[in-house]
Every structure is written in C-alpha cells, then in structure tokens.
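To keep things clear, I will list the structure first and then write my remarks on it.
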Amino acid sequence: MKSPSLKNLSKNFRSRSPFEWLLLFLVSVLVVIALLGSSSSTFNSVTSSVKNDIYTNYRKLKEQARSDYLELKSLAVGENQIKDVGVCGKERENYVPCYNVSANILAGLKDGEELDRHCELSQERQYCLIRPPKDYKIPLSWPAGRDVIWSGNVKLTKDQFLSSGSIMKRLMLLEENQIAFHSQDGMMVDDVKDYSHQIAEMIGLGSDTEFLQAGVRTVLDIGCGFGSFSAHLLSLNLMALCVAAYGSSGSHVQVALERGLPAVIGNFISKQLPFPSLSYDMVHCAQCGVIWDSKDGLFLIEIDRVLKPGGYFVLTSSTTQQQGSSTGAKKGIMSAPLEEFTKKLCWSLLEQQDETFIWQKTVDSQCYTSGSKQDTIPICKGQDMQLYYQPLAHCISGTGSDRWVPIHSRSDSMNSTELKVHGVYPDTFFEDSEFWKSAVRNYWSLLSPLIFSDHPKRPGDDDPLPPYNMVRNVLDMNAHYGGLNAALLEAGKSVWVMNVVPLGVHNTLPLILDRGFAGVLHNWCEPFPTYPRTYDLLHGSGLLSHLESQGCSIVEVLFEMDRILRPEGWIILSDKLGPIEKVRMVATQMRWEARVVDLQDGSDQRLLVCQKSFVRK
Ligand SMILES: *[C@@H]1O[C@H](CO)[C@@H](O)[C@H](O)[C@H]1NC(C)=O
Ligand SMILES: *[C@@H]1O[C@H](CO)[C@@H](O)[C@H](O)[C@H]1NC(C)=O
371 MKSPSLKNLS
381 KNFRSRSPFE
391 WLLLFLVSVL
401 VVIALLGSSS
411 STFNSVTSSV
421 KNDIYTNYRK
431 LKEQARSDYL
441 ELKSLAVGEN
451 QIKDVGVCGK
461 ERENYVPCYN
471 VSANILAGLK
481 DGEELDRHCE
491 LSQERQYCLI
501 RPPKDYKIPL
511 SWPAGRDVIW
521 SGNVKLTKDQ
531 FLSSGSIMKR
541 LMLLEENQIA
551 FHSQDGMMVD
561 DVKDYSHQIA
571 EMIGLGSDTE
581 FLQAGVRTVL
591 DIGCGFGSFS
601 AHLLSLNLMA
611 LCVAAYGSSG
621 SHVQVALERG
631 LPAVIGNFIS
641 KQLPFPSLSY
651 DMVHCAQCGV
661 IWDSKDGLFL
671 IEIDRVLKPG
681 GYFVLTSSTT
691 QQQGSSTGAK
701 KGIMSAPLEE
711 FTKKLCWSLL
721 EQQDETFIWQ
731 KTVDSQCYTS
741 GSKQDTIPIC
751 KGQDMQLYYQ
761 PLAHCISGTG
771 SDRWVPIHSR
781 SDSMNSTELK
791 VHGVYPDTFF
801 EDSEFWKSAV
811 RNYWSLLSPL
821 IFSDHPKRPG
831 DDDPLPPYNM
841 VRNVLDMNAH
851 YGGLNAALLE
861 AGKSVWVMNV
871 VPLGVHNTLP
881 LILDRGFAGV
891 LHNWCEPFPT
901 YPRTYDLLHG
911 SGLLSHLESQ
921 GCSIVEVLFE
931 MDRILRPEGW
941 IILSDKLGPI
951 EKVRMVATQM
961 RWEARVVDLQ
971 DGSDQRLLVC
981 QKSFVRK
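Numbering-wise, our numbering puts 438 at position 68 of the sequence shown, and it's gapless, one number per residue.
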C-alpha cells in the first residue's frame, strides 16, 4: 500500500469543510450520548456505588460508536474516501530518528560527535507506520517480562548476547524464541546481588537494603548492560534510570525497555545529559565505555553536575588498568589524570575493591573554590535554565542552587520547605495530587475492560494482581509535577513512568526528579530518543494545546507516538474539544481504535482514548 503524502494528510487534518466539521460534531455528540445512556443503565444494574463514574462500559460502546462513525464518514467523504496510512518498509522496523551516522559524517561531524543525536541532519521523514518484526509478540506482562523476553522483539542476535562477557551482561538463552535473564539455579541473579551488596558495603552500609536510609533513592546507570543491575535496584524500591548510546544494531536501551526497566537513549559526547544539575543520588558505570580521563575531565564534570551533594559515583572498569603498569594484575589502578580530576572535583575516594571505585561528591559547596587558583575548576556563571542541547561545560554547576541539599538530610516526601524551593505552593501541590488520584481511577476503569479482557472485571472489583497487568512502561508526555506518576504508584500499579517536561513550559523537571521519579526534558517538535514499540501507555494532558502553541506539527507527533507505542498499547490524551476532535480523525487513519470521552464536568475538556492495532503488513 502506498502511504499518503504528508500534504494530503495535513490537508485532511487541517482543512475540513464546514460540512465535515458539522458531521464530526454530530459523531461526537452521538458518542457522548451513547456513553451517557449506556453507562447509567449498566451501572445501575451492576452497582450503584460507582454511579458517578462515567467512564465504564467503554467496550460495548466501541462497537456502536464505530458503526455510527463509519456510516457518517462514508456519507461525508464520498469518493474522496480517507485512506489508511501505509506501512513502512522492513528496514524501518527498529528505526530511531535523529541518529543517522552517515548523514552526520557527511555533515563533517567527527571525534564521536557523529554518534550524537542530530535531528537537524535527519530530515528523512516518511509518513508511514513502523511495522513490528515478523516474529514480534506482545511482551509478557510484569514481572514475568522482566526476566524473559521474546528474542524476535529486539534487534540483538543470540551471538551478540553470548559474546558479551561482563558480569552485567551474562545471561542465558532459554528456548528458541526467548531470552532469559534469570537462570533456574539463580547464578546470574546472585552475581548482581553480590555486586550490589559489595557497593553497599563500600559506602559503609550493612547491606544494599539500606540504600534508601542512606539517602540513595535515584540512580543513573550509564551504559546499563542489559538492565540486570537496574532490575535489582528497582526490587529494592530505588529508581534506576538507564541511559545508553544509540546503536544501529540494537541497544541496551531497547532490551532494558523490553524488560520493563526505565531507560532512554542518551550520551554526553558533546552535549549535557537532558537533566538539570543536582539530579541523582548515585551515578553508576560498569564498563560503560566512557574514557573518563580524556578531554580534561569534561565527562567527570558532567557527572559532578548531575550528582546531588553527598551523592556517589560508582565506577567498575578494567580499562583503568591500562593506564597503570602491567603489575596491577587484578586490581584496577586509577590513572594519574583520573586521580587529579576527582581531587579537583572535591570528590573523596571512599574505597576501591577489585575493579570498582566509589567516590562521594562533597556536601560543602565552598569546597570547589577553596584550593589554589590553578587547582580549581571555575564555577559556572548563571544558574541552570531550561537546559537542552547545552554543550558540556568546563565549570562547576549547582553550588548556588537552593536545591543544594545533601542526600542524607532531605525528607522522605516533599515537605512545604522543599516545595517552596521549587516555587510550588503546598495547596496547589495537594490539589494536583488529588486530581491525579481521581484521574488514575478513571483511566483504569476505562482501560480495564480492555486490559483484563481475558479476566472479566466488574466495576468495584479490585484490579487483578499481576501477571494480568499489561501496562508497565508509561510515557507521560507532559508531566507537570509528576502527578500521574505519583497517583499510579499510590494506587499500587506496577508501572514506572517516564515523565517528560516539554520545552517551552515551566521547567518542573527538578521537582519531578527530587520526588524520586524518572524524567527528561524534551522538545516535542523532535522525535523522542527511544526505540520503536517501547511503551505500553502514552499519556498527554494538555499536550495537544502545547504542541499548537509551539507550532509543532501534531501529525508528526502522532506518527512518533505510533512508532514508540507497542502494538495493542494505549494512548490517553486529555485536551480541549477542538484539538481532540482533529486528532481523532488522524488517529482513525492510523488504524488506532479511537474514542472521545466527555468528562461531564461542564468544561470543554475531553479525553481521547486510543488503542494501537497490531498491524502486520
Ligand atoms: C541517512 O543519511 C543518508 C545521507 O544523507 C541518506 O542517504 C540515508 O537515506 C539516511 N538513512 C536513513 C535511514 O534515513
Ligand atoms: C523539610 O525537609 C528539609 C530537608 O530537605 C528540612 O531541612 C526541613 O526542616 C523540613 N521542613 C519541614 C517543615 O519539615
């Protein structure tokens, strides 16, 4: 099938005749009436306690509303029938935009920068749907899917798995079409547990269950192997986010996300990581490929930037040996430059065991300036603004920040003093939390008939326990304070949320990260740095209005959403009626099951709930 050109598509999208808009309006009225009518009747017959919940009975309606809609649509468009969007070629199965190395080299980028993200150089947009690989299967649900994945879903060959030697990477193949990260006899798991335990001991703790008490709540894992260390930290209730470079032949990020572990494509070859300063309690690198003592310590300075005061840098590396003499047989040896740089950064080396080094960042913001002039790194001028695509800087950040709080002396949850640092009133924050708690209840009852279709659930029943939970990786495309994330956790859902703070809105990312959640800054006029099919649920509250205000192409963002959503995954958009109706039209062309839900609160806000279909050809 040929894909319609962008021109036609945006024509469909933008310039509808008044008659077509009238029909659209009629359709939405029909849907709303249908929703109202049937929800009240079935509700009363099942239970009256949830009478006010207008979201249920979604599935039955789907059939009816769809036929209504199709009928009206065929009336409206006549012979100018809107065509479904076509499917991309096989070569795009694992396509990640903005990482075209040959285009980067042509543009003269070198010294590793050709591996960097350069959206401006990859304008090869095609308006087609990325198809899943031939053997693609819906991932196993959490937590089974953490330990066993379908080998057809990721672009890594078994040979690549087997040849990767480090303790983080070792794993075992179970059967023909599965890869297991959890051997029967527990060997692999024990390796990771021992390693984690060793790190805990090196920072003076009795066991790794004490990380949280010691103030270690968030970990940035650079390189991250296949995510087994992150998986272990998650089981200890830490948030571990994996950041690893793009690889055209598949990557650790793809595997980690397939396992339901937090991960995003990123590097810091020439640009800073998409996080504000003072973000993480621990940064971890096990054979992560960064040459730390190069570029005058620039990479170490970037680590210092994202570490919170009193935070830890854990480096497990055999490459430090190469710098030393050959006599350093078993022990890693710190190179002279590395030792010098870490001293300048005011890091104290806590301990070294085998090939693992742990440094602690200073809690004293004066420390950086206390040395002699030639021994110090200058303090950055100006405070963290909305940092994005900022070049790596040879200066120290965060020392003047109100967020300079040592990790072991902060409170467990945001107290009013801490909220004030972020410019948020406690009342506003509380209202936001309440709003999201109720929104999550509503979302879940909307999705439940679909998620639990094999396990019928009545309104009022408790959600079935995992393994029936089909939602694990959630992308909140306009995360605000991270309220959706907090509410999902509070409701006991076994999900993790990637909280995206779009460029151009108030930068709440520091608040989100200080809450212990995962998050990044992102410009939605550009593709998101992840592999296809990596999220189960995409959520955007006010996203469409934001995109309009930024002048981004909504159609492009919808194609991007289709790329990163797994087959049969869900999308929930909440916005004003206008943009919601526009998107609904395109959604249908993209073969999403799309339904508009009226919130019945007298506002012009609507929900658009979509499910991506499993397109095979
Ligand atoms: C990458 O860039 C090259 C050179 O500009 C171009 O020929 C090629 O089609 C691009 N690759 C992809 C996957 O778009
Ligand atoms: C809030 O937490 C901070 C530590 O981050 C602490 O210094 C402060 O005393 C706490 N304030 C209140 C009102 O509990």
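A virtual CB, placed ideally from N, CA and C, is assigned to each residue, including glycine.
*Neighbourhood of asparagine 893 by C-beta distance below 6 Å, restricted to the same chain and skipping five residues each side*: Stepping through the sequence shown from its first residue, residue 893 is reached at position 523. Closer than 6 Å at the Cβ level, and outside the excluded window around asparagine 893, lie Leu873.
_Going by the DSSP bridge assignment, what does valine 357 pair with across the sheet?_
Look at the range of the chain in this structure, 371 to 987, and you will see that residue 357 is not part of it.
*alanine 990 to glutamate 963, Cα distance in whole Å?*
Lying before the first or after the last residue shown, residue 990 is absent from the chain, which here runs from 371 to 987.
_Cβ distance (whole Å) where leucine 720 is taken to contact isoleucine 573 below 8 Å_ = As a position in the sequence shown, residue 720 is number 350, starting the count at 1. As a position in the sequence shown, residue 573 is number 203, starting the count at 1. Contact holds; Cβ gap of about 6 Å.
*Short Cβ contact (8 Å threshold) for leucine 677 with phenylalanine 727*: The sequence position of residue 677 within the sequence shown is 307, counting from 1. The sequence position of residue 727 within the sequence shown is 357, counting from 1. Going by C-beta atoms, leucine 677 is not nearer than 8 Å to phenylalanine 727.
*Taking just the CA atoms, how far does serine 618 sit from isoleucine 777?*
Position 407 of the sequence shown, counted from the first residue, corresponds to residue 777. Position 248 of the sequence shown, counted from the first residue, corresponds to residue 618. Each residue's Cα considered, the two are about 37 Å apart.
*Length of the line joining the Cα atoms of arginine 936 and tyrosine 616*: To locate residue 936, count along the sequence shown from 1; it is residue 566. To locate residue 616, count along the sequence shown from 1; it is residue 246. Within the model, the alpha-carbon separation for arginine 936 versus tyrosine 616 is close to 19 Å.
*Say yes only if the C-beta of leucine 476 is nearer than 7 Å to one or more non-hydrogen atoms of ligand 1, and no if none qualify.*
Here residue 476 is taken as the residue at index 106 of the sequence shown, counted from 1. Of the heavy atoms belonging to ligand 1, at least one sits nearer than 7 Å to the Cβ of leucine 476.
*What number of angstroms, rounded off, separates the C-alpha of valine 455 from the C-alpha of lysine 713?*
Here the question's residue 455 lines up with position 85 in the sequence shown. Here the question's residue 713 lines up with position 343 in the sequence shown. The alpha-carbon atoms of valine 455 and lysine 713 are separated by roughly 57 Å.
*Indicate the three-state DSSP secondary structure (helix, strand or coil) for asparagine 427 in the structure shown.*
Against the sequence shown, residue 427 aligns to sequence position 57. Note that asparagine 427 scores a pLDDT of 40, beneath 50, so its modelled location is shaky and nothing firm can be said.
*What does the shell around ligand 2 hold, if a residue joins when its beta-carbon is under 6 Å from any heavy atom?*
Listed along the chain, these residues meet the criterion: Val775, Ser779, Arg780, Ser781, Asn785, Ser786, Thr787 and Glu788.
*Quick one, are the C-beta atoms of alanine 550 and cysteine 594 less than 8 Å apart?*
In the sequence shown, the residue the question calls residue 550 occupies position 180. In the sequence shown, the residue the question calls residue 594 occupies position 224. Contact: no.
*Please determine, among Tyr650, Ser718, Gln975 and Gln981, the residue with the shortest C-alpha to C-alpha distance to methionine 609.*
Position 239 of the sequence shown, counting from 1, holds the residue named residue 609. The residue with the shortest Cα to Cα distance from methionine 609 is Tyr650.
*Please find out if some non-hydrogen atom of ligand 4 comes closer than 7 Å to the beta-carbon of serine 915.*
With respect to ligand 4, the structure offers nothing, as its ligand set consists of ligand 1 and ligand 2.
_Three-state secondary structure (DSSP) of valine 457_ = Within the sequence shown, the letter at position 87 stands for residue 457. Valine 457: strand per DSSP, three-state reduction.
*So is the beta-carbon of serine 618 under 7 Å away from any non-hydrogen atom of ligand 1?*
Mapped onto the sequence shown, residue 618 falls at position 248. Because no heavy atom of ligand 1 lies under 7 Å away, the Cβ of serine 618 does not count as near it: no.
*Put lysine 641 into one of helix, strand or coil per three-state DSSP.*
To locate residue 641, count along the sequence shown from 1; it is residue 271. In this structure, lysine 641 counts as strand in the three-state DSSP scheme.
*asked:* Quick check on this structure: which residue in Gly597, Glu628, Val466 and Pro949 has the alpha carbon closest to the alpha carbon of arginine 842?
replied: Start at 1 with the first residue of the sequence shown, and residue 842 comes out as number 472. Comparing Cα positions, the closest option is Glu628.
*asked:* So, under 8 Å CB-CB, leucine 978 and leucine 943 are touching, yes? Tell me the CB distance rounded to an integer number of Å.
replied: Mapped onto the sequence shown, residue 978 falls at position 608. Mapped onto the sequence shown, residue 943 falls at position 573. Confirmed, about 4 Å.
*Where do the N-terminal and C-terminal ends of the alpha helix (DSSP H) with serine 618 fall, by residue?*
Counted from its first residue, the sequence shown places residue 618 at position 248. Serine 618 -> no alpha helix (DSSP H), and no H or E assigned at all.
*Using CA coordinates, which residue listed in Lys525, Glu951 and Met960 is at the minimum distance from arginine 976?*
Working through the sequence shown from its first residue, we reach residue 976 at position 606. Arginine 976 has its Cα closest to that of Glu951, out of Lys525, Glu951 and Met960.
*Along the chain, where does the beta strand (DSSP E) that runs through aspartate 846 open and close?*
Here residue 846 refers to the residue found at position 476 when the sequence shown is read from its first residue. Unbroken beta strand (DSSP E) run through aspartate 846: 843 to 846.
_Length of the line joining the Cα atoms of glycine 535 and phenylalanine 596_ = Taking the sequence shown and counting its residues from 1, one reaches residue 535 at position 165. Taking the sequence shown and counting its residues from 1, one reaches residue 596 at position 226. With a pLDDT of 47 at glycine 535, under the threshold of 50, the modelled position of this residue cannot be trusted; read the value that follows with caution. If you take the alpha carbons of glycine 535 and phenylalanine 596, they lie about 12 Å apart.
*Is it the case that the CB of asparagine 470 approaches a heavy atom of ligand 1 more closely than 7 Å?*
Walking along the sequence shown from the start, residue 470 turns up at place 100. Under cutoff, so the answer is yes.
*Taking the alpha-carbon positions, what's the glutamine 723 to methionine 704 distance?*
Locating residue 723 in the sequence shown gives position 353, where the first residue counts as 1. Locating residue 704 in the sequence shown gives position 334, where the first residue counts as 1. Answer to the nearest angstrom: the Cα atoms are 12 Å apart.
*What's the gap between the Cα of serine 815 and the Cα of proline 509?*
Position 445 of the sequence shown, counting from 1, holds the residue named residue 815. Position 139 of the sequence shown, counting from 1, holds the residue named residue 509. Rounded to the nearest angstrom, the gap between the Cα atoms of serine 815 and proline 509 is 22 Å.
*asked:* Quick check: the Cα distance between glutamate 918 and histidine 850, rounded to an integer number of angstroms?
replied: To locate residue 918, count along the sequence shown from 1; it is residue 548. To locate residue 850, count along the sequence shown from 1; it is residue 480. Going from the Cα of glutamate 918 to the Cα of histidine 850 covers about 17 Å.
_Rounded to the nearest angstrom, what separates valine 985 and aspartate 674 at their Cα positions?_
The sequence position of residue 985 within the sequence shown is 615, counting from 1. The sequence position of residue 674 within the sequence shown is 304, counting from 1. Cα to Cα, the separation comes out at about 45 Å.
*Leaving aside the five residues before and after proline 761 along the sequence, list all residues of the same chain whose C-beta is less than 7 Å from its C-beta, in chain order.*
Position 391 of the sequence shown, counting from 1, holds the residue named residue 761. Ser640 and Lys641, listed in sequence order.
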